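S.K.: This is the structure I want to talk about, given as structure tokens.
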Amino acid sequence: DAGITQSPRHKVTETGTPVTLRCHQTENHRYMYWYRQDPGHGLRLIHYSYGVKDTDKGEVSDGYSVSRSKTEDFLLTLESATSSQTSVYFCAISDGFSGGYEQYFGPGTRLTVT
Amino acid sequence: GQQLNQSPQSMFIQEGEDVSMNCTSSSIFNTWLWYKQDPGEGPVLLIALYKAGELTSNGRLTAQFGITRKDSFLNISASIPSDVGIYFCAGQLQGGSQGNLIFGKGTKLSVKP
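Taken in sequence, the protein lines are chains A and B.
Each residue of the first sequence is one higher than the one before, counting from 1 in my numbering.
Each residue of the second sequence is one higher than the one before, counting from 1001 in my numbering.
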């Protein structure tokens, strides 16, 4: 299994509060991704990173920001959580070389915004 | 945005049966990946395909990269109870951003009652 951990694994927060989710990898992979998974929508890309301090938006980036100050860590921040951001969040990593596009996923964080 | 049509959405299996599912699109893909997700866990990569016409196996699982590059197929032979879960296809669009995958909505495999 790829060395990917996510923290916290579960979180309940109130509307309007800031929330930060952490993804940590031990594989030294260049690419890191944040997805959300919702019933009926599958996996949707929020933001991704192609190197330290290099990030870009995905399909559903509104209301989210990211930061990557070290190769191994990719943080996802909800500046002011809303109920529509209740979801399961997955981090994924890719080395961008072995075939290029194989992504390996973390165990997920279940976030509930009340 | 771009979409992958994955079918069937759900199916019931009986132990020993063969299972087939597919993903189709109107766009051309350079890569097809197949994942399995168990409840409460992240998706796990099963098979990766990189060339049109490629046929790749992983145990009882076989996947194919369609000749038109617009579709992919996954077959599971002689299903067993632990095959239950959700299977996702994912593809890298030709000309798409490096490493950005598009995911199908999944095929849910359940055991026949």
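Ideal placement from N, C-alpha and C gives every residue a C-beta, glycine not left out.
Predicted, not measured: the structure shown is a model, and the values here were computed from it.
(1) Would you check if the distance between the CB atom of T26(A) and the CB atom of T77(A) is smaller than 8 angstroms?
(2) Just to confirm, is the Cβ distance from S87(A) to Q37(A) under 8 angstroms?
(3) Whole angstroms is fine: what's the gap from I1013(B)'s alpha carbon to L1049(B)'s?
(4) Scan the segment 1014-1037 of chain B for residues whose Cβ lies nearer than 9 angstroms to a Cβ of chain A and list them as they occur along the chain.
(5) Return the CA-CA distance between Y64(A) and E79(A), expressed in angstroms with no decimal places.
(6) Would you say N1100(B) lies against chain A (beta-carbon separation less than 8 angstroms)?
(7) Would DSSP call D1038(B) helix, strand or coil?
(8) Would you say F1104(B) reaches chain A, if we count a Cβ-Cβ gap shorter than 8 angstroms as a contact?
(9) Consider the Cβ of L1074(B): report whether some Cβ of chain A lies at a distance smaller than 8 angstroms.
(10) Would you say the segment 1012-1030 of chain B touches the segment 58-73 of chain A, given that touching needs at least three Cβ pairs under 8 angstroms?
(11) Given that a residue counts as buried once 16 or more other Cβ atoms are within 10 Å of its Cβ, and exposed if not, what is A92(A)?
(12) Counting contacts by CB-CB distance shorter than 8 angstroms, is L1055(B) in contact with chain A?
M.R.: Judging by the given coordinates:
(1) As a working note, residue 26(A) is residue 26 in the first sequence. As a working note, residue 77(A) is residue 77 in the first sequence. No, these two residues do not count as a Cβ contact at 8 angstroms.
(2) Residue mapping note: residue 87(A) aligns to position 87 of the first sequence, counting from 1. Residue mapping note: residue 37(A) aligns to position 37 of the first sequence, counting from 1. Contact: yes.
(3) Here residue 1013(B) refers to the residue found at position 13 of the second sequence. Here residue 1049(B) refers to the residue found at position 49 of the second sequence. Going by the C-alpha atoms only, they are around 25 angstroms apart.
(4) N1030, T1031, L1033, Y1035, Q1037
(5) Taking the first residue of the first sequence as position 1, residue 64(A) is located at position 64. Taking the first residue of the first sequence as position 1, residue 79(A) is located at position 79. Roughly 7 angstroms between the two C-alpha positions.
(6) Counted from its first residue, the second sequence places residue 1100(B) at position 100. For N1100(B), the nearest CB of chain A lies under 8 angstroms from its own CB, placing it at the interface with that chain.
(7) Here the question's residue 1038(B) lines up with position 38 in the second sequence. When secondary structure is reduced to three states using DSSP, D1038(B) falls in the coil class, being assigned neither helix nor strand.
(8) Here the question's residue 1104(B) lines up with position 104 in the second sequence. Note on residue identity: the sequence assigns Gly, not Phe, to residue 1104(B). Between G1104(B) and chain A, the shortest Cβ-Cβ separation is below 8 angstroms.
(9) Here the question's residue 1074(B) lines up with position 74 in the second sequence. Answer no: the Cβ-Cβ gap between L1074(B) and chain A never drops below 8 angstroms.
(10) no
(11) Stepping through the first sequence from its first residue, residue 92(A) is reached at position 92. Looking at its Cβ environment, which holds 16 or more other Cβ atoms inside 10 Å, A92(A) is buried.
(12) Within the second sequence, the letter at position 55 stands for residue 1055(B). So no, L1055(B) is outside the interface.
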